Amino acid sequence: MQAVRRLSLPFVQPLARLFNHEELDSVHRESLPPPPENPATTTPPASSNLNQVVSHPTTVISTTDADLPLLLQDAVYIYQLSHPSPLKLSPLAFHTADIVWRYKDSERVYNILQKRGIITPQGGIRTAAISNKFAHQFAFLSAFAQRRIIGLLFWWEEEEQRLKHLYQQGDDIFEALNGMEESQDRAMFNMLQIELERVKMLIKQKPSIRCSDTASARKHEQLPAYAPPPPGSSREQLPMFTEDPATFVAG
Numbered sequence: 001m002q003a004v005r006r007l008s009l010p011f012v013q014p015l016a017r018l019f020n021h022e023e024l025d026s027v028h029r030e031s032l033p034p035p036p037e038n039p040a041t042t043t044p045p046a047s048s049n050l051n052q053v054v055s056h057p058t059t060v061i062s063t064t065d066a067d068l069p070l071l072l073q074d075a076v077y078i079y080q081l082s083h084p085s086p087l088k089l090s091p092l093a094f095h096t097a098d099i100v101w102r103y104k105d106s107e108r109v110y111n112i113l114q115k116r117g118i119i120t121p122q123g124g125i126r127t128a129a130i131s132n133k134f135a136h137q138f139a140f141l142s143a144f145a146q147r148r149i150i151g152l153l154f155w156w157e158e159e160e161q162r163l164k165h166l167y168q169q170g171d172d173i174f175e176a177l178n179g180m181e182e183s184q185d186r187a188m189f190n191m192l193q194i195e196l197e198r199v200k201m202l203i204k205q206k207p208s209i210r211c212s213d214t215a216s217a218r219k220h221e222q223l224p225a226y227a228p229p230p231p232g233s234s235r236e237q238l239p240m241f242t243e244d245p246a247t248f249v250a251g
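Pasting the structure below:
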């Protein structure tokens with residue numbers, strides 16, 4: 001059975017650098033922070049997805065600021081879609097996300113993650129394999145870069161599941177279209193074509209667009225509140241919506 005034609009977006013080069021490479025290297029390769037004065041009494045943040053803590057014998061790395069900005073999420077997402085196998089995280093994704101400044105450093109990060117089982121041989125992500133030795137394994141990077149790596153891994157793990165679902169939908173629709181002729185059921189054929197285009201659109205939808213749509217939808221989901229009728233009004237009068245959906249008035 002013919003597979004759904006994979007969508008390919010234009011190749012996106014990594015973001016332009018605002019500083020020279022010497023300045024970037026000096027910032028990027030800053031030493032890890034000193035160990036806490038009393039590690040035994042240090043209270044780490046609660047563990048929950050990106051709010052977990054990766055511990056190291058000499059430092060504690062919090063991932064609360066590990067989230068990739070939407071601009072960098074878009075860059076990595078479009079870069080991944082430009083590959084024949086977009087679900088497989090590219091070795092250069094860490095360069096595209098501005099975590100490292102050189103291609104060979106991005107490949108080095110990728111190889112370490114593969115060796116530790118965080119990236120599977122098929123290119124999938126297993127964040128459950130992140131251990132308390134993470135900081136030691138990436139001691140050549142700054143603490144901030146280590147947090148960003150964790151943020152990218154958790155984010156792409158979710159994106160990978162989303163894309164798998166969409167590609168499966170596309171495969172099912174494409175298979176249904178191949179199994180029928182347009183003359184058999186014109187209405188159903190057209191509906192499936194429209195649905196296939198919708199799936200393609202969702203695949204091409206960047207994270208920033210999805211985030212904007214979600215925020216807009218939530219803004220319009222506020223339910224009206226109830227305001228009791230004014231004193232002296234009849235109990236039989238039913239409340240009615242006003243132009244302001246946050247209140248009711250007696251009609």
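If you're matching positions, the sequence shown starts at 1 in full-length UniProt numbering and goes up one per residue.
Using N, Cα and C, we set each Cβ at its ideal position, and we do this for glycine too.
Note that the coordinates shown come from a computational prediction; the quantities given were computed from them, not determined experimentally.
Sheet register partners of residue i (DSSP bridge)
{"i": "L125", "result": "A small fix is needed here, since residue 125 is Ile in this sequence, not Leu. DSSP lists I119 as partners of I125."}
Whether residue i touches residue j by CB criterion (9 Å)
{"i": "F154", "j": "A66", "result": "yes"}
{"i": "A128", "j": "R116", "result": "no"}
{"i": "L71", "j": "S208", "result": "yes"}
{"i": "I203", "j": "W156", "result": "no"}
{"i": "E158", "j": "L89", "result": "no"}
{"i": "R148", "j": "A75", "result": "no"}
{"i": "G123", "j": "L87", "result": "yes"}
Continuous alpha helix (DSSP H) stretch holding residue i: start and end
{"i": "M188", "result": "186-204"}
{"i": "G170", "result": "143-178"}
{"i": "A75", "result": "70-81"}
{"i": "A93", "result": "93-96"}
{"i": "F140", "result": "From DSSP, F140 is part of no alpha helix (DSSP H); its letter is neither H nor E."}
Residue i versus residue j - alpha carbon distance
{"i": "E175", "j": "P84", "result": "20 Å"}
{"i": "V102", "j": "L196", "result": "At residue 102 the sequence reads Arg, which differs from the Val that was named. Rounded to the nearest angstrom, the two C-alpha atoms are 39 Å apart."}
{"i": "E30", "j": "I112", "result": "With a pLDDT of 40 at E30, under the threshold of 50, the modelled position of this residue cannot be trusted; read the value that follows with caution. Cα-Cα distance, rounded: 20 Å."}
{"i": "L81", "j": "D171", "result": "17 Å"}
{"i": "I99", "j": "A145", "result": "6 Å"}
{"i": "I119", "j": "D185", "result": "45 Å"}
{"i": "L163", "j": "Q193", "result": "19 Å"}
{"i": "Q137", "j": "R108", "result": "11 Å"}
{"i": "Y79", "j": "S106", "result": "14 Å"}
{"i": "S131", "j": "Q73", "result": "24 Å"}
{"i": "R198", "j": "P69", "result": "26 Å"}
{"i": "M180", "j": "M191", "result": "13 Å"}
{"i": "A139", "j": "S212", "result": "36 Å"}
{"i": "H165", "j": "I150", "result": "23 Å"}
{"i": "P121", "j": "I173", "result": "29 Å"}
{"i": "A187", "j": "Q169", "result": "19 Å"}
{"i": "R210", "j": "S142", "result": "31 Å"}
{"i": "L223", "j": "Q114", "result": "The pLDDT assigned to L223 is 44, lower than 50, so where the model puts this residue is not dependable; a value taken from the coordinates is nonetheless given after this. Each residue's alpha carbon lies about 48 Å from the other."}
{"i": "Y110", "j": "K104", "result": "10 Å"}
Cβ distance (whole Å) where residue i is taken to contact residue j below 8 Å
{"i": "K200", "j": "Y77", "result": "Actually they do not touch by this definition, with Cβ atoms about 15 Å apart."}
{"i": "L152", "j": "F189", "result": "With a Cβ gap of about 41 Å, L152 and F189 do not count as contacting."}
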